[in-house]
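The sequence shown maps to residues 7 to 270 in the numbering used here. Ideal placement from N, C-alpha and C gives every residue a C-beta, glycine not left out. Remarks on the structure that follows.
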Amino acid sequence: MGRIAELLRALGTRVINHWVWRLGFATRFLLLTLKHSGPSFRRFYLTVREIYFAGVLSLIIILVSGLFVGMVLGLQGYDTLARYGSSEALGVLVSLSLVRELGPVVAALLFASRAGSAITAEIGLMKATEQLDAMEMMAVDPIARVIAPRFWGGVLSMPLLAALFSAMGVFGGYLVGVRLIGVDEGSFWSQMQAAVDFREDIVNGVIKSFVFGVAITWIAVFEGYDAPPTAEGVSRATTRTVVISSLAVLALDFVLTAMMFRGL
């Protein structure tokens with residue numbers, strides 16, 4: 007029994023030390039990125055290019071997914087509300103579910119899978135082919151020239167993508183609820199407008215998506231920069247980005263929801 011306890015203690019110490027070290031290094035890397043973010047705004051075309059890469063190229067999956075999520079919400083919501091004679095409140099259910107929760111969270115998970123993995127792979131490949139080292143030899147700061155524009159491009163893209171996801175979701179719920187099932191159109195829109203509060207719902211949803219964007223792009227650029235300069239190292243870093251980003255989004259969602267809607 008003593009040997010088992012010793013083994014577990016050694017394993018726990020190793021794991022905790024490893025993750026604490028990586029978290030500290032990632033935090034230092036984030037602060038360094040923020041410190042060297044000046045060129046990203048002085049030469050804003052660098053950030054605009056990354057907004058296109060991270061945001062515009064993610065539009066298809068965001069819009070299509072938002073449409074189908076809204077349609078499913080319309081079907082499931084109508085089935086539930088009709089049992090209690092409240093089918094006219096379908097617009098409230100769809101809009102609040104999307105603006106408060108599903109819009110920011112699902113859009114963030116899709117963003118991590120599409121844009122986060124691509125950012126990690128791109129930076130990791132630049133490191134593996136010694137492009138970052140070449141920049142340093144030419145007195146070009148890779149943090150300012152490569153990392154910071156990608157970081158801010160992802161951060162600025164995420165709230166816009168979440169808003170588009172929610173808008174398409176509401177449209178999908180409208181198509182199913184009003185056009186397919188036959189819910190009164192006036193009730194759908196009027197109750198939705200009366201129930202959705204700008205400060206409590208929309209602003210909080212934007213804050214959520216912004217925090218998710220910071221977390222995802224932080225993880226993506228760090229994993230790419232820290233990846234071993236091999237094909238296997240880049241592939242593992244890309245996988246870690248998706249896994250860790252997804253877990254971070256879900257954990258942050260719980261914390262933010264508790265703070266925003268529970269009065270904690």
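Assigned exposure category for residue i - 16 Cβ within 10 Å defines buried
i: E12; result: exposed
i: T39; result: buried
i: W224; result: buried
i: I129; result: buried
i: E191; result: exposed
i: F74; result: exposed
i: W158; result: buried
i: I57; result: buried
i: A264; result: exposed
i: G44; result: exposed
i: G267; result: Reading the sequence as shown, one finds Phe at residue 267 and not Gly. Per the 10 Å Cβ criterion, exposed.
i: L153; result: The displayed chain sequence assigns Ile, not Leu, to residue 153. Buried.
i: A121; result: buried
Rounded straight-line distance, which links the Cα of residue j to that of residue i
i: F31; j: V182; result: 48 Å
i: P278; j: G188; result: Shown here, the chain extends from 7 to 270; a query on residue 278 therefore has no answer.
i: T53; j: D139; result: 22 Å
i: F218; j: L104; result: 16 Å
i: A95; j: F194; result: 7 Å
i: A150; j: R106; result: 34 Å
i: T33; j: Y180; result: 43 Å
i: L131; j: P165; result: 28 Å
i: P148; j: G97; result: 48 Å
i: L115; j: V240; result: 20 Å
i: L186; j: R89; result: 18 Å
i: L262; j: V62; result: 27 Å
i: E142; j: R48; result: 20 Å
i: W27; j: V70; result: 40 Å
i: G175; j: S93; result: 18 Å
i: P110; j: V146; result: 36 Å
i: S119; j: G91; result: 40 Å
i: R9; j: W25; result: 24 Å
i: M144; j: K41; result: 20 Å
i: I213; j: L258; result: 11 Å
i: I66; j: F260; result: 27 Å
Under 8 Å between C-beta atoms of residue i and residue j
i: G160; j: A60; result: yes
i: L170; j: I68; result: yes
i: G72; j: V100; result: no
i: L102; j: D207; result: yes
i: S215; j: A113; result: yes
i: A221; j: V255; result: yes
i: G76; j: F177; result: yes
i: P155; j: S46; result: yes
i: T236; j: A134; result: yes
i: F35; j: Y231; result: yes
i: L167; j: F117; result: yes
Cβ-heavy atom distance, residue i to the ligand NAP, below 7 Å
i: S64; result: The model depicted lacks the ligand NAP and carries no ligand whatsoever.
Within-8 Å CB hit, residue i to chain B
i: G179; result: The structure shown contains no chain B; it is built from a single protein chain.
| Which runs of the alpha helix (DSSP H) fall wholly inside the stretch 46-80 and span at least 4 residues, in chain order? | Counting only runs of 4 or more, we get 50-60.
| query | For the 8 Å Cβ check, are there 3 or more pairs between the stretch 116-128 and the stretch 81-99? | reply | Because the criterion of three Cβ pairs below 8 Å is not met, the stretch 116-128 and the stretch 81-99 do not touch.
| request: Taking 8 Å as the threshold, find out whether the stretch 199-206 comes into contact with the stretch 239-252 through three or more Cβ pairs. | output: Cβ pair count under 8 Å is below three, so no.
| field | Ranges of the beta strand (DSSP E) found wholly within the stretch 225-269, counting only runs of at least 3 | value | The stretch 225-269 contains no whole beta strand (DSSP E) run of 3 or more residues.
| message | At 4 residues or longer, what runs of the alpha helix (DSSP H) sit wholly inside the stretch 115-153? | response | For the alpha helix (DSSP H) assignment, the uninterrupted runs of no fewer than 4 residues enclosed by the stretch 115-153 are, from N- to C-terminal side, 123-134 and 137-143.
| Entirely enclosed alpha helix (DSSP H) segments - the stretch 156-238, minimum 4 residues | As summarised for the stretch 156-238, the continuous alpha helix (DSSP H) elements at least 4 residues long and confined to that stretch are 191-201 and 210-232, given in chain order.
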